[in-house]
Each structure stands twice: as structure tokens, then as C-alpha cells.
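Quick note: the sequence shown uses this note's numbering, first residue 86, plus one each step.
The beta carbon of each residue, even a glycine, is placed where N, CA and C say it ideally should be.
Predicted model only: the values in this text are computed from it and were never measured.
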Amino acid sequence: MMVPVRCFTCGKPVGEHWDEYKARAATQEGDEDPEEVLDDLGLDRYCCRRMLVSHDDLVDVVSPYQ
Ligand SMILES: [Zn+2]
86 MMVPVRCFTC GKPVGEHWDE YKARAATQEG DEDPEEVLDD LGLDRYCCRR MLVSHDDLVD
146 VVSPYQ
């Protein structure tokens, strides 16, 4: 689905970083090390890092069936 705006655990805004993370490190689009990209984005806590690492954009796949 769409990337969550805030971290579920601590509430830090993470949605604003999705486009840059996707362009630089997400599979098949960027080839940088995800660890370094997350460090550059200022996401230090692992609760926030997992929000982007584990995200997959499925909104375009699911939306025709809603
Ligand atoms: Zn967090």
C-alpha cells in the first residue's frame, strides 16, 4: 500500500523520505547501500528504518479491487 506517514512505534515522520529512499536504494531502481541511505536521511532508530526497508508499493496493484 502507500508508505505510512509516521513510524508506527515512535511517531517520527518517515513518509517524506520514501521517494528519495526508493530512488537511491529500493530494489531495481537504485543501487546504493540501504544502510547508508537511511543514515543520510537521518533515520537512526531501527523502528523507523524498518518502515522504509519493509515497505512495498502495492497501492496501484490493489486499488482496482476496492
Ligand atoms: Zn521510529
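Item                                                                                                          : Value
Beta-carbon spacing of Val99, Cys133 below 8 Å                                                                : yes
Classification of Met86 by the beta-carbon crowding that lies within 10 angstroms, buried from 16 upward      : exposed
The alpha helix (DSSP H) enclosing Lys107, as first and last residue numbers                                  : Trp103 to Arg109
Closer than 7 Å: Lys97 CB and nearest ligand 1 heavy atom                                                     : yes
Cβ pair count under 8 Å reaching 3, the region 139-147 against the region 114-127                             : no
Cys95 classed as buried or exposed, judged by whether at least 16 other C-beta atoms fall within 10 angstroms : exposed
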